[in-house]
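Quick note: the sequence shown uses my numbering, first residue 6, plus one each step.
We treat Cβ as the ideally placed atom computed from N, Cα and C, and that holds for glycine.
Read the structure below first, then the notes.
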Amino acid sequence: MERERLEFDVVFVGAGPAGLAGAIRLKQLAAERGREIEVCVIDKAPALGAHSLSGAVVDPRALAELLPDYRERGCPIEEEGLRDAVFYLTAAKALRLPWVPPFLHNEGAFVGSLSKLCAWLGAIAEEAGVNVFPGFAGVEALFDDAGGRVLGVRTGDKGVDKQGRRKGNFEPGVDLLAKVTVFAEGPRGSLLREAAKRLGLFDGRMPQVFETAVKEVIELPEASPFLTAPEAVIHTFGFPLGLHTKGGGFLYRMAERRVALGLVVGLDYADPMLEPYREFLRFKRHPLVAGLIAGGRVLQQGAKTLPVGGWYSMPRLCADGALVIGDSACTLNARRLKGVHTAMKSGMLAAETIAEALAAGDTGASALEGYRRRLEESWLGEELRQARNFSQALSRPPASRVVHLGAQMLSRGRGLVDPMPLHEDCSTLRPGVFREPAPVADLDGTLYLDKLTGVYLSGTRHEEDQPCHLHIPHPELCTTRCWQEYRSPCTRFCPGQVYEIETAEGGRPRLKLNPSNCLHCKTCEIKDPLRNILWNCPEGGGGPNWTIL
Ligand SMILES: Cc1cc2nc3c(=O)[nH]c(=O)nc-3n(C[C@H](O)[C@H](O)[C@H](O)COP(=O)(O)OP(=O)(O)OC[C@H]3O[C@@H](n4cnc5c(N)ncnc54)[C@H](O)[C@@H]3O)c2cc1C
Numbered sequence: 006m007e008r009e010r011l012e013f014d015v016v017f018v019g020a021g022p023a024g025l026a027g028a029i030r031l032k033q034l035a036a037e038r039g040r041e042i043e044v045c046v047i048d049k050a051p052a053l054g055a056h057s058l059s060g061a062v063v064d065p066r067a068l069a070e071l072l073p074d075y076r077e078r079g080c081p082i083e084e085e086g087l088r089d090a091v092f093y094l095t096a097a098k099a100l101r102l103p104w105v106p107p108f109l110h111n112e113g114a115f116v117g118s119l120s121k122l123c124a125w126l127g128a129i130a131e132e133a134g135v136n137v138f139p140g141f142a143g144v145e146a147l148f149d150d151a152g153g154r155v156l157g158v159r160t161g162d163k164g165v166d167k168q169g170r171r172k173g174n175f176e177p178g179v180d181l182l183a184k185v186t187v188f189a190e191g192p193r194g195s196l197l198r199e200a201a202k203r204l205g206l207f208d209g210r211m212p213q214v215f216e217t218a219v220k221e222v223i224e225l226p227e228a229s230p231f232l233t234a235p236e237a238v239i240h241t242f243g244f245p246l247g248l249h250t251k252g253g254g255f256l257y258r259m260a261e262r263r264v265a266l267g268l269v270v271g272l273d274y275a276d277p278m279l280e281p282y283r284e285f286l287r288f289k290r291h292p293l294v295a296g297l298i299a300g301g302r303v304l305q306q307g308a309k310t311l312p313v314g315g316w317y318s319m320p321r322l323c324a325d326g327a328l329v330i331g332d333s334a335c336t337l338n339a340r341r342l343k344g345v346h347t348a349m350k351s352g353m354l355a356a357e358t359i360a361e362a363l364a365a366g367d368t369g370a371s372a373l374e375g376y377r378r379r380l381e382e383s384w385l386g387e388e389l390r391q392a393r394n395f396s397q398a399l400s401r402p403p404a405s406r407v408v409h410l411g412a413q414m415l416s417r418g419r420g421l422v423d424p425m426p427l428h429e430d431c432s433t434l435r436p437g438v439f440r441e442p443a444p445v446a447d448l449d450g451t452l453y454l455d456k457l458t459g460v461y462l463s464g465t466r467h468e469e470d471q472p473c474h475l476h477i478p479h480p481e482l483c484t485t486r487c488w489q490e491y492r493s494p495c496t497r498f499c500p501g502q503v504y505e506i507e508t509a510e511g512g513r514p515r516l517k518l519n520p521s522n523c524l525h526c527k528t529c530e531i532k533d534p535l536r537n538i539l540w541n542c543p544e545g546g547g548g549p550n551w552t553i554l
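And the structure:
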C-alpha cells in the first residue's frame, strides 16, 4: 500500500504536558538560534486535552520556566493559595492529621484541569508553529533496515472493519519520518512497549509499577461547605482500602462550584475480588466525603493509571533517533503525587538536547545521551532521587512502611534499603481467595453512578466496526485458569465494564468484550495476572472526550 510520508525534524507521540512542553521549548530554541526546526505532535485523542486526566494540583515550576508569562497568556487556573488537609479515614470517622508532611504541601501550586491545560498548551504550540495533529494514533515505530535506529512513527489506518477489511471511508495511516522521535505516550505506552523490546530500553531496570484511579468532576450546590472551607486540597488514606492496600483519596476545589474527587489504588494489591471502581463508590459514601459532596451532580468521570516506580524504573531514555519523556519515562514523583511539572520539565530537557543534536547534525544515541545527564543534574533529578524508594515503601506492611518512610525522610530518599525491590503488578494477586465484595449503597444516577453511566459521562465513543484493540493471545485461559484461580479479575479492575463473563451453553463461563467502553486507562494490560491482555490504540480519534478532568 502506498502511504503518504511526511518529514519533520522531530515528532512527539503524545500531546500531554510532556510532549507539548517539549514541542514548545524546541520552537523557542529554534527562534533563539535563528534556525528552522520542523516539529510535529500527534495524539490519539479526538481533540487536544480529551485524553488528559489528572488531579490536578500543579506545581508551576516547569510552567514558569517554559512560559514566564503563563498567567497573562490565560493559563486555566481553577484555584490558588492552597491550604492542605490530610485525613486518616476509618469506616465511620475522619481523623485529621495534626501536620501535613512537607512533601504534601501545596503552597504556590494551583488546582487545574489537565484537559484544559493541555488544550491551552496545544494552542500555544500551534501559535509557535508546531504541527499539532489530534485524532492520530501512533501504532508502529519505524526502524532502519538494521533495526537499531528509530526513523519515525506510522499512524493507524482508519476505516477498517472488524474483520480487518477496508471500508468505503478507508484512509491509510501516514508515515511521519523524523530525525528524532519522542515517545510521550504517558503511562504504559503501546508504541513504546513494542519499540522498547527491540531497543532493550527496559532491560535491567526495576519493573514498571502503577496505580489506577477513578476520578470525577462534581458540581456542588451553592451552600456546600467545601466551597468556603479554608482547605481547598484534601488527601485521605485508610478507608476504604485499609492499610494493606496502597492508595488514597483526593478532593480538590475547582472554579465554578466544582470539585475534583478521586480514589487512587496501587495495582500491586493482592485480593483478586478487589474492584477499584467499587472502592471509589465506597469512598464517596464515607461520612466525611459524602458530607462535602452532598447535593452535587457528577459532570464528568474518567479513569487513568499513574506510573509510580520512579527513578529505578526509568527506562534507558535514549536510543538512535529516539527519546522517552514524561510518564512514559516514569518521571512522576509519587511522593508528591505530582507528574505534570516533572513531565513538562523532562520534555523541556529533551528539547534542549535535541536542539543541540540537530545543530551538530548527529541524532544518534550518544548525541542524545545529554538528555539523561541534563535530567540528572536538574531539579527534576533531585526531586526524583528523593522519591526513589517511596512507592516501594508504601507497598510494605503498615508497621515497616512507617519505619522505611521515616528513614527515607531523614536520608534524602536513601532509607534503610536502597534500592528497595519492586514486584510487577501482574504478579501480586493471591489465587483462590474469593471473599464477598463489600456492598455499595444505592446508586442514584446523579452523584453515585454505575460504571456504564460513568462511561457515558466520560464522553467515550469508538467506531464500533473496527478491529478489537484489545489483543488476548490465549482466550481459552480466560475461562479456565484465570476464572478458576482469580475469578476473572478483569471484570472488576476495568473501570469501563469492557470485560464481562457470561454463562454460555452448558453453564460454562464465556468472556464477552465491550471494547467501545474502553477509557484508555490500560489497567487491564498492567494487572492481568496471566499477562494475557495487550492494549493497542484503537482508531485515532476514538476514546474518552474529557474537557474538564
Ligand atoms: C488520577 C490522577 C491524579 C493525578 N494528580 C496529579 C496532580 O494532582 N498533580 C500532578 O502534577 N500530577 C498528577 N497526576 C499525574 C499527571 O497527570 C501525569 O504525570 C502527567 O499527565 C504526565 O504527562 P505525560 O505528558 O507524560 O502523559 P499524559 O498526560 O498521559 O499524556 C500522554 C498523551 O499521549 C497520548 N497517547 C498515548 N499513546 C499514544 C499513541 N500511541 N499515539 C498517539 N497519542 C498517544 C495520550 O492520548 C495522551 O494525550 C495525576 C494522574 C492521575 C491519573
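*Does the beta-carbon of Asp-48 have 16 or more other beta-carbons within 10 angstroms, so that it is buried, or is it exposed?*
Result: buried.
- Entirely within the region 54 to 99 and at least 3 residues each: give me those beta strand (DSSP E) ranges in chain order. The qualifying runs are 82 to 84 and 89 to 94.
Practice problem: Could you tell me whether the Cβ of His-249 comes closer than 8 Å to any Cβ of chain C? | Solution: No chain C is present in this structure, which holds just one protein chain.
**Q.** Rounded straight-line distance, which links the Cα of Val-303 to that of Asp-447
**A.** Taking the straight line from one Cα to the other gives about 15 Å.
### Message
Is the separation between the beta-carbon of Ser-400 and that of Asp-273 shorter than 8 Å?
### Response
yes
- Message: Would Ala-163 and Glu-544 qualify as a contact pair, given that the criterion is a beta-carbon distance under 8 Å?
- Response: Here the sequence assigns Lys to residue 163, which means Ala is not the residue at that position. Yes. Within cutoff.
Checklist entry - With burial defined as no fewer than 16 other Cβ atoms inside 10 Å of the residue's Cβ, what is the status of Gly-253: buried or exposed? => result buried
(request) Quick one: grab the DSSP three-state call for Trp-316. (result) Helix.
- Task: Pick out whichever of Pro-107, Arg-78 and Pro-73 has its Cα sitting closest to the Cα of Arg-341.
- Result: Its Cα nearest to that of Arg-341, the residue Pro-107 stands out among Pro-107, Arg-78 and Pro-73.
Inset, instruction - Would you identify the three-state DSSP class for Val-345, choosing helix, strand or coil? - result: helix
Q. Taking the C-alpha atoms as reference points, what is the distance between Tyr-461 and Arg-263?
A. 19 Å
Is the Cβ-Cβ distance between Pro-212 and His-428 less than 8 Å?
With contacts defined as CB atoms closer than 8 Å, Pro-212 and His-428 qualify as a contacting pair.
Using the C-alpha atoms, what's the distance from Gln-502 back to Leu-457?
7 Å
Pull up the CB-CB distance for His-467 and Gly-352, whole angstroms please, since I reckon it's below 8 Å. Between Gly-352 and His-467 the Cβ distance is about 28 Å, and since that is not below 8 Å, they are no contact.
inquiry  = Between the region 536 to 543 and the region 475 to 489, can you find at least three pairs of beta-carbon atoms closer than 8 Å?
reply    = yes
- Query: Mind checking whether the beta-carbon of Ile-47 lies closer than 7 Å to any heavy atom of ligand 1?
  - Reply: Relative to the non-hydrogen atoms of ligand 1, the Cβ of Ile-47 comes within a distance shorter than 7 Å of at least one.
**Item:** Cβ contact (3+ pairs, closer than 8 Å) linking the region 362 to 382 and the region 56 to 65
**Value:** no
Does DSSP put Trp-104 in a helix, a strand or coil? Correct three-state label for Trp-104: coil.
Can you tell me whether Ala-201 is helix, strand or coil according to DSSP? helix
*asked:* Only counting the same chain, and skipping five residues up and downstream in sequence, which positions put a Cβ closer than 7 Å to that of His-525?
replied: Taken in chain order, the residues that qualify are His-56, Gly-548 and Pro-549.
**Prompt:** Quick one: Cα of Gly-143 to Cα of Gly-152, how far?
**Reply:** Their Cα atoms are separated by approximately 18 Å.
Review point. From Glu-41, Glu-224 and Met-278, pick the residue whose C-alpha is nearest to that of Ala-265; which is it?
Key: Glu-224
| Endpoints, alpha helix (DSSP H) assigned at Phe-498 | For Phe-498, the enclosing alpha helix (DSSP H) begins and ends at 495 to 498.
Handout entry: At least 3 beta-carbon pairs within less than 8 Å: the region 288 to 304 vs the region 506 to 526
Key = no
Problem - Sheet register partners of Tyr-504 (DSSP bridge) - result: When beta bridges are read from the DSSP output, Tyr-504 appears opposite Leu-518.
Would you report the Cα separation of Arg-88 and Glu-388, rounded to the nearest angstrom?
-> Annotation: Arg-88 to Glu-388 spans about 22 Å, alpha carbon to alpha carbon.
Going by DSSP in three states, Lys-527 sits in which element: helix, strand or coil? coil
- Item | Phe-138 - containing beta strand (DSSP E), residue span | 136 to 139
Does the separation of the CB atoms of Val-165 and Pro-472 fall below 8 Å?
-> yes
Nearest neighbour of Pro-192, chosen from Thr-484, Leu-256, Gly-247 and Leu-311 [CA to CA]
Leu-311
Rounded to the nearest angstrom, what separates Ala-295 and His-346 at their Cα positions? 31 Å
- Between Asn-338 and Trp-104, what straight-line distance do the alpha-carbon atoms span, to the nearest angstrom? 21 Å
Exercise for review: With a 10 Å radius around its C-beta and 16 neighbouring C-beta atoms as the bar for buried, classify Gly-173 as buried or exposed.
Suggested key: exposed
Exercise for review: Sort out for me which residues DSSP pairs His-476 with in a bridge.
Suggested key: Leu-539
- Query: Just how far apart, CA to CA, sit Phe-439 and Cys-529?
  - Reply: In this model, Phe-439 and Cys-529 are separated by some 19 Å (Cα to Cα).
Worksheet item: So what's Phe-395 in DSSP terms, helix, strand or just coil?
Response: helix
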